[in-house]
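A.B. asks: Read in order, the letters of the sequence shown are residues 1 to 193 in the UniProt record's numbering. For glycine and all other residues, C-beta sits at the position ideal for the given N, C-alpha and C. The structure's right below; bear with me while I get my questions together.
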Amino acid sequence: MSVNMFSQRALQTSMRRLALARPTTTTMRMISPAAIATGQIRPATSGPHANTVSVSSDEAYKLLAEQRVHRPVSPHLGIYQPQVTWYLSALNRITGSILSGSFYLFGFAYLVAPAFGWHLESASIAAAFASWPIVVKLLVKGTMAFPLAFHSLNGLRHLTWDMGAVLTNRQVQVTGWAIVVLSSISGLYLMFS
């Protein structure tokens, strides 16, 4: 911050404090109009605390709730047009959570398996999987294959963004739809192989 900017900011802060302590038309004119317009300056009618009134906590809560009704509301997601980037970002987080949660859950189960007499060795898991009906096998493989394929390919897309490539709006949309198609094909391949 330059010395000139610092001195201007110090002067403006001092003037605001002066206006709050002794509000007059002269001091109010010297304060930034933006500070007055945004409600940063709230002078009392006479004396430093002339407008203050003691209220109970219930009355204070009701007053606060009434003031909130009149405050402007930030735009909500409902006013924006949904885009492929939203959905892929949410799906990337969800699939990452599912994959990492499954990994940790299986790792913990594998550690405590000897204490409970569970058989989670590779041979036991392969034998159990082989005995299942084909529909169940496909469902299990699909629930693992699609999140893995999507999260892996979308992770590569994010790494490409980190390198500063394909960041225009059009490129982001094209790569997003490419990820949807490629992850669907990859998931089906993993599911049926």
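Please state whether the Cβ-Cβ distance between Asn154 and Ile185 is less than 8 Å.
C.D. replies: Counting from one through the sequence shown, the residue named residue 154 turns up at place 154. Counting from one through the sequence shown, the residue named residue 185 turns up at place 185. Contact: no.
A.B. asks: Could you tell me if Ile125 is buried or exposed, where buried requires 16 or more neighbouring beta carbons within 10 angstroms of its beta carbon?
C.D. replies: Within the sequence shown, the letter at position 125 stands for residue 125. By the 10 Å Cβ count, Ile125 comes out exposed.
A.B. asks: Do you know whose CA, among Gln81, Leu159, Val140, lies nearest Phe192's CA?
C.D. replies: Here residue 192 refers to the residue found at position 192 when the sequence shown is read from its first residue. It is Val140 whose Cα lies nearest to the Cα of Phe192.
A.B. asks: Take the Cβ of Asn92 as the centre, count every other Cβ of all protein chains shown within 10 Å, and call the residue buried at 16 or more, exposed below.
C.D. replies: As a first step, residue 92 is located in the sequence shown; it is residue number 92 there, counting from the start. Classification for Asn92: buried.
A.B. asks: If distances are taken between C-alpha atoms only, which option among Lys62, Leu182, Arg71 comes closest to Leu148?
C.D. replies: Your numbering for residue 148 matches position 148 in the sequence shown. Checked all of Lys62, Leu182, Arg71; the closest Cα to Leu148 is Leu182.
A.B. asks: Under a Cβ-count criterion, where at least 16 other Cβ atoms within 10 Å of its own Cβ denotes burial, should Asn4 be classed as buried or exposed?
C.D. replies: As a first step, residue 4 is located in the sequence shown; it is residue number 4 there, counting from the start. Flag for Asn4 reads exposed.
A.B. asks: Do Val84 and Trp177 come within 8 Å of each other at the CB atom, strictly closer than that value?
C.D. replies: Here residue 177 refers to the residue found at position 177 when the sequence shown is read from its first residue. Here residue 84 refers to the residue found at position 84 when the sequence shown is read from its first residue. Going by C-beta atoms, Trp177 is nearer than 8 Å to Val84.
A.B. asks: Within 10 angstroms of the Cβ of Ala44, are there 16 or more other Cβ atoms? Answer buried if so, exposed if not.
C.D. replies: Locating residue 44 in the sequence shown gives position 44, counting from the first residue. In this prediction, Ala44 has a pLDDT of 49, which is less than 50 and means its spatial position is unreliable; nothing more can be read from the coordinates.
A.B. asks: Where does Ser184 sit, in a helix, a strand or coil, going by DSSP?
C.D. replies: As a working note, residue 184 is residue 184 in the sequence shown. In the structure shown, Ser184 sits in a helix (DSSP, three-state: H, G or I).
A.B. asks: Can His151 and Gly117 be called in contact, C-beta distance under 8 Å?
C.D. replies: Here residue 151 refers to the residue found at position 151 of the sequence shown. Here residue 117 refers to the residue found at position 117 of the sequence shown. No, Cβ-Cβ distance for His151 and Gly117 is not below 8 Å.
A.B. asks: In this structure, how does DSSP classify His76 when only helix, strand and coil are distinguished?
C.D. replies: Against the sequence shown, residue 76 aligns to sequence position 76. Correct three-state label for His76: coil.
A.B. asks: Can you tell me whether DSSP reads His158 as helix, strand or coil?
C.D. replies: Counting from 1 along the sequence shown, the entry for residue 158 is found at position 158. His158 falls in the helix class under three-state DSSP.
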